[in-house]
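Visitor: Quick one: the structure is below, and I'll ask about it shortly.
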Amino acid sequence: MTVRNYNKKTYNIQQAVNKAITSNPSLKHTPLSINYTVNTVGKTSILTVKLTYGRADVVVSNFEQFYAAIKNTVKANRTKVVLKINNYNANIYSLDKAFVRLKKEGIEKEFKTAQKILYFPGSKSRLLELVINYNNSPLSQQVNYSFTEKEIYNIIKEGLSNCEDSIKINSKEKNPIRPEIIKNIFERVTEDNPDLNYFDSYSISIRTSTLGSVITSQEVEISIDYSLPKERIVEIKAVENQRAKEIIDEIIKAGMSDYQKEQAIHDYIVNSARYDYENYIKNTIPKESHMAYGILVNKVGVCEGYALAMYKLLNMAGVECKVITGTANGEDHAWNIVKLDDGYYHVDATFDDPVINGGEISTLSHKYFNLTDKQIEMDHQWDRSKYPVCNGTKYLK
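Once you know that position 227 of the sequence shown is 217 in the numbering used here, the rest is easy, because the numbers rise by one and skip nothing.
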């Protein structure tokens, strides 16, 4: 699919795909992942979208339809069925319930099952692939352990750190691992470690093996679609880290307080980098401008790059810092929250950066340096449930 005159403010790709899925519940095929590129020819931005689809044998919208599809598959001794489930709810669409009902209705075949659940991020539809083994031959060998959420968190973090295309978690946990749980943990990892966000999209599939109605093992697979080739990401991380260390050695002195470190880093970034306004206007922003690499190495970037550069340098200097995402003046935006000795503060290096107008550069600003929630809410909005309250007073400008 190609869209001419593309503007990211007008076209929300993921939202559009989810609307299409919801608007077409009877279709047997459904998108599972998306990849897109933006090319600019003259003044025209062209969006090219590639969707990867999965196809179902049967579409179901309630438990009776779900059960009927499984019953027909077992009665016919078919070894596989793929169901598209609209408005999926794990408590409703339970294989355990379906298998118990099969026995009640006198269908008592011996079999093992394995299931895989696929879905498009944000969608309420699920593609359930159910494989049935009637002769009880061994399915793939599984790992004999289960995981806590903290262990899953660490596995995902390590996988993203190593730029793995596929992160697999094998478990013998008897309680089902749901996609929503993995999704929540994955999002926690990326919120806690924003410098690992080198990907455009991801998808989650879960393959569950059962003996009758009892879960014997599960394999979770998280497939990652990275924004750049792995070799380039590894190179960027190495150069970015080296440059960050050089900057810290240059501007951070022994005996500095956290506040002094914060101001030194803020002022360095604001004075040394510039906003990638030209590419922003043309809608041709390179991936690097969204990274700390853009600000620290190329000396040019957009708000995400500013926030990630602040995050990297402050944490390297021993000052707790988070990246916060929301909107500013109605547009998507990223900035920082910094913890000092009396509490948290907002810092927006992007909004403090000199703005080029008619070839002249304005002076360094501290207008958005160390603000409370009440101060910054005049033009910034964010999900307050996800971030600490910023109500420090000692270091207000």
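Glycine included, each C-beta is placed from N, C-alpha and C at the ideal position.
1. In this structure, how does DSSP classify Asp190 when only helix, strand and coil are distinguished?
2. For my contact list, Ala104 and Val121 are in at a C-beta cut-off of 8 angstroms; report their separation, rounded to the angstrom.
3. Go through its chain and collect everything with a Cβ distance to Pro184's Cβ below 7 angstroms, but skip five positions before and after it.
4. With Ile107 and Pro169 assumed to form a contact (beta carbons below 8 angstroms), what rounded beta-carbon distance in angstroms separates them?
5. Between Asn144 and Val210, what straight-line distance do the alpha-carbon atoms span, to the nearest angstrom?
6. Any chance the region 48 to 55 sits against the region 67 to 75, with 3 or more Cβ pairs inside 8 angstroms?
7. Below 8 angstroms on the Cβ atoms is my guess for Asp342 versus Val260; work out the distance and round it to an integer in Å.
8. Indicate the three-state DSSP secondary structure (helix, strand or coil) for Phe359 in the structure shown.
9. Any idea what DSSP makes of Tyr135, helix, strand or coil?
10. Hey, could you find the ends of the beta strand (DSSP E) Ile242 is sitting in?
11. Kindly give me the distance between the Cβ atoms of Asp215 and Asp190, rounded to whole angstroms, as I take these residues to be in contact under 8 angstroms.
12. Return helix, strand or coil for Gly320, following the three-state DSSP convention.
13. With the cut-off set at 8 angstroms, would you say Lys387 and Ala307 are in Cβ contact?
14. Measuring CB atoms only, is the region 215 to 235 touching the region 311 to 325, in the sense that at least three cross pairs come out at less than 8 angstroms?
15. From Thr180 to Ile196, what distance separates their C-alpha atoms?
16. Whose CA, out of Asn273, Thr362 and Tyr335, lies closest to the CA of Ile36?
17. Residues bridged to Ser23 by DSSP?
18. Between Phe110 and Ile146, how many whole angstroms is the CB-CB distance? I'm expecting something under 8 angstroms.
19. Assuming Ala228 and Leu303 are in contact, meaning their beta carbons sit under 8 angstroms apart, how far apart are those beta carbons, in whole angstroms?
20. Quick one: using the 10 Å Cβ neighbour count with 16 as the cut-off for buried, is Ile157 buried or exposed?
21. Buried or exposed for Asn134, please, with buried defined as at least 16 other CB atoms from any protein chain shown within 10 angstroms of its CB.
22. In chain order, which alpha helix (DSSP H) runs of at least 4 residues are fully inside the region 258 to 325?
23. Under 6 angstroms Cβ to Cβ from Lys384, same chain only, skipping five residues before and after it: list those, please.
24. Since Leu17 and Thr200 are thought to touch, with beta carbons under 8 angstroms apart, how far apart are those beta carbons, to the nearest angstrom?
25. When you compare the CB positions of Thr362 and Tyr296, do they come within less than 8 angstroms of one another, or not?
26. Buried or exposed, going by whether 16 or more other CB atoms sit within 10 Å of the CB of Met368?
27. DSSP puts Gly333 in a beta bridge; with which residues?
28. Kindly identify the DSSP beta-bridge partner or partners of Glu209.
29. Of all Cβ atoms in chain C, is any one closer than 8 angstroms to the Cβ of Ala234?
30. Measure the C-alpha to C-alpha separation of Ala80 and Met246 and round it to an integer number of angstroms.
31. Alpha carbon to alpha carbon, what distance is there between Ala263 and Val290?
32. In whole angstroms, what separates the C-alpha of Ile171 from that of Ile194?
33. Using the rule of at least 16 other Cβ atoms within 10 Å of the residue's Cβ for burial, across every protein chain shown, is Glu95 buried or exposed?
34. State buried or exposed for Ile97, treating a residue as buried only when at least 16 other CB atoms are found within 10 Å of its CB.
35. Enumerate in chain order the residues of its own chain whose CB-to-CB distance from Val64 is below 8 angstroms, with the five nearest sequence positions on each side excluded.
Guide: For this structure:
1. In this structure, DSSP gives Asp190 an extended state, which the three-state scheme calls strand.
2. About 5 angstroms separates the beta carbons of Ala104 and Val121, which is inside the 8 angstroms limit, making them a contact pair.
3. Leu298, Tyr301 and Val313
4. 6 angstroms
5. 14 angstroms
6. yes
7. 5 angstroms
8. strand
9. For Tyr135, the predicted structure reports a pLDDT of 40, less than 50, and the residue's modelled location is therefore unreliable. A value from the coordinates is still provided. Three-state DSSP puts Tyr135 in coil, outside helix and strand.
10. First-last for Ile242: undefined, no H or E at that position.
11. In this structure Asp215 touches Asp190 by the C-beta definition: roughly 5 angstroms separates them, less than 8 angstroms.
12. coil
13. no
14. no
15. Roughly 20 angstroms separates the two Cα atoms.
16. Asn273
17. Thr42
18. In fact, because the Cβ distance is near 19 angstroms, the residues do not count as touching under 8 angstroms.
19. The pair is not a contact, with the Cβ atoms about 17 angstroms apart (cut-off 8 angstroms).
20. Classification of Ile157: buried, given that the 10 Å Cβ count is 16 or more.
21. Its pLDDT being 34, under 50, Asn134 is placed unreliably by the model, and the measurement read from it follows with that caveat. Label assigned to Asn134: exposed.
22. 267 to 272 and 293 to 306
23. Asp332
24. Contact between Leu17 and Thr200 does not hold, since the beta-carbon distance rounds to 29 angstroms and is not under 8 angstroms.
25. no
26. exposed
27. Leu330
28. In the DSSP assignment, Glu209 is bridged to Asn160 and Arg197.
29. Among the chains in the structure shown there is no chain C, since it carries only a single protein chain.
30. 53 angstroms
31. 5 angstroms
32. So the two alpha carbons sit approximately 11 angstroms from each other.
33. exposed
34. Exposed.
35. Here the set comprises Leu92, Ile97, Lys99, Phe101 and Ile122.
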